[in-house]
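Chains as they are written, first to last, in my numbering: chain A, 2 to 346; chain B, 2 to 346.
A virtual CB, placed ideally from N, CA and C, is assigned to each residue, including glycine.
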DNA sequence: AGATTGTCTGTGAGCGCTAACATTCCGGCG
DNA sequence: CGCCGGAATGTTAGCGCTCACAGACAATCT
């Protein structure tokens, strides 16, 4: 920087002013400095700047290392939004999102100098552990469920489950069976809650939900169980992968879909239209969740910088994204909802 | 740090020595310092350390923002390995991996102070652009194809395609049709090459490959085309998602699988066993690719630190991971390869 | 005994930048 | 004509840490 200044005939501080776009630099000086920077191939050192300013322009994302469609999509939504906002994303993934690993990951990121943290969390225990994290850093959670003292952004899981269940009831099914996600998953719990509430409101019996682990395999096993029960006519499966397994099991058992059994999934993965039959499901806009959560975090950070009172770093504004019912052939057999329809959209 | 030193009755430098595990600190001093750190809640500032040492312990990953199974799995493999090696990962994703965006992303990361860069690249033009990136930073590419002047880690795509094609030929099919990935994808090209070479070696005719875009939808359209041609008895599809679409199209056309048409996919996504029928495919160990590429990068960086000669930052050691054929019901109908088999493993 | 080695600790400088204040210069005002 | 204020620039002092060196002291060797 001093070299640039020397070449341009100014002080290092004026170079700094040019870099930071200060208004108090004359146009001629500015262009001389820019030329000198160009000539010397100067690149500002963001580490030194971070040390001097205390701002790293870096955010941490804590995530499971799962390659499930949801978390991965959310992560990329976050990265895109961060890029636009001028922030970098450093990731701390973990095999298991349990009570212990969350604080550890947050600590790693804190040491690394991030200005704020986004946690993509599904496990209930892990979410509880979040409340105990010391609030010295802005933090936003992408997590289903009730308020926990920091901003939350997520898709409305209860509403999604309601849409799915109501759709099946509206089709005339006496009740709707449910293949749930793992018991520790907050999303799974919320989907159970939405499903149950909708059945109860309709006065329909509430069969015991089967429990899966999000994987196609567990959906397959649930499907085998359900296929054996002749009265099962409608199933709401808590994600598309499990729904795939269930479709497979129904196919093996020669239970025709949707004539004998209607199936609704959750997520609307890109493959869902190409299942056999194509899957009615609940679309979640993960990209939107990612960008909204990032926006909330950036707001919190920038409020923090301007606020004199640095006591509470946990702003309250969260955001709920609405889910959407996508009707396909696993619930309704007629042409308007066939593949051809999907292909147009 | 000075405060800690004062409390422990030593200089700041001794505190630094304790933090960095220097051997030249007496046990009693060390424990006094540790106690003082604990008492004051001291956290070392990694930014300041990075400024002083020049090492940020941070690596950049350039990746498309796709949520395809392959790139996402590789990314998490990288993160896991980086964690173990004591490095942080900052990601720079991009919508389109074309010629222009790669250098831009690398520049962003460079400014941010990363010590090395991993590029997960599929697009041929983007890979070409890589060769023009100034070699002032260690760089490892996760990319299919020939040597380009920097270390490459990938799965052997040609071999994978050979395994798939040979498997189908061994089953007695006169030839094997191919649904390829997008023309710009290096993986797609390598898979075409392996498929074509295997057919030619066997003296089988080489039908023109159909072109897809990795999405299930394009596989579906390819499937509709192929289903119309009665002589088609074996299809090698360049990834599992497209294979799903193709299975769907065959099902609609009432072409029975594997009796009339045998299908092999590529990737072995977690869902592949639950397609209808379950999909024979080529397994790629993406996690292994991730960790090997990280290891190669870390080696390059650490060689760099110790080497007096800082002229060439492009070590030549790459690594090729072997693919594996997973036989399931889309090519062989008998019991040994049914779901039950998969479930055991 | 003196010289030599080794261990432990302290001192000062500086990594590259920005914040705060100081200075210069200029035009416009009474 | 002198004074004031604002724009442009310079000066100084850190940000929190590590590096290179220097010093103190004990143990070992000749």
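Approximately 36 angstroms separates the beta-carbon atoms of residue 60(A) and residue 8(A); this is outside 8 angstroms, ruling out the contact. Our two residues, residue 287(B) and residue 36(B), have alpha carbons roughly 44 angstroms apart in a direct line.
A Cβ-Cβ distance of about 21 angstroms is found for the pair residue 177(A) and residue 187(A), leaving them out of contact under the 8 angstroms criterion. Within the stretch 67-79 of chain B, 68, 70, 73, 74 and 77 place their CB atoms closer than 7 angstroms to a CB of chain A, listed in sequence order.
Rounded to whole angstroms, residue 29(A) and residue 144(B) show a C-alpha spacing of 47 angstroms. Measuring C-alpha to C-alpha distances from residue 150(A) to each of 157(A), 164(A) and 133(A) identifies 133(A) as the nearest.
Taking a contact to require three or more Cβ pairs closer than 8 angstroms, the stretch 227-234 of chain A and the stretch 256-263 of chain A qualify as touching.
Comparing C-alpha distances from residue 77(B) to each of 267(B), 221(B), 155(B) and 290(B) shows the shortest one belongs to 290(B).
Beta-bridge partners of residue 283(A) (DSSP): 326(A). Neighbours of residue 112(B) in chain A, taken as residues whose beta carbon is under 9 angstroms from its own, are 44, 45, 46 and 47 in chain order. Residue 91(A) and residue 112(A) do not touch by the CB rule: their CB atoms are close to 11 angstroms apart, not below 8 angstroms.
Annotated as distal: residue 182(A) and residue 221(A), with beta-carbon spacing of 8 angstroms or more. Its Cα nearest to that of residue 206(B), the residue 179(B) stands out among 179(B), 271(B), 283(B) and 268(B).
Burial check for residue 148(B): the Cβ neighbour count within 10 Å stays below 16, so the residue is exposed. Counted as a single uninterrupted DSSP element, the beta strand (DSSP E) harbouring residue 95(B) occupies residues 89-95.
With its beta carbon less than 8 angstroms from one in chain A, residue 216(B) belongs to the interface.
Pairwise C-beta distances place the stretch 239-258 of chain B in contact with the stretch 268-278 of chain B, as three or more of them are shorter than 8 angstroms. Proximity of residue 41(B) to chain A, defined by a Cβ-Cβ separation below 8 angstroms, is not satisfied.
DSSP links residue 235(A) through a beta bridge to 263(A). Residue 81(A) holds the alpha-carbon nearest to the alpha-carbon of residue 64(B) among 71(A), 303(A) and 81(A).
In terms of CA proximity to residue 161(B), 192(B) leads the group 278(B), 184(B), 192(B) and 146(B). Around the beta-carbon of residue 119(A), 16 or more other beta-carbon atoms lie within 10 Å, marking it buried. Cβ neighbours of residue 38(B) within its own chain (closer than 6 angstroms, five residues either side excluded): 5. Boundaries of the alpha helix (DSSP H) harbouring residue 36(B): 28-41, taken from the DSSP string. Identification of residues in the stretch 223-252 of chain A having a C-beta nearer than 8 angstroms to some C-beta of chain B yields 242, 245, 246, 248, 249 and 252, given in sequence order. Closest by C-alpha distance to residue 86(B), out of 333(B), 320(B) and 297(B), is 297(B). Around the beta-carbon of residue 229(B), fewer than 16 other beta-carbon atoms lie within 10 Å, marking it exposed.
Ranking 11(A), 167(A) and 212(A) by CA distance to the CA of residue 281(A) puts 167(A) first.
Taking 8 angstroms as the threshold, the shortest C-beta distance from residue 272(B) to chain A falls below it. In this structure, residue 107(B) keeps its C-beta atom at 8 angstroms or more from the C-beta atom of residue 295(B).
Under the DSSP assignment, residue 142(B) falls in the beta strand (DSSP E) whose first and last residues are 140-143. If only complete runs of 4 or more residues are kept, the stretch 202-250 of chain A shows the alpha helix (DSSP H) at 217-228, in order along the chain. In this structure, the beta-carbon distance from residue 283(A) to residue 165(A) falls below 8 angstroms.
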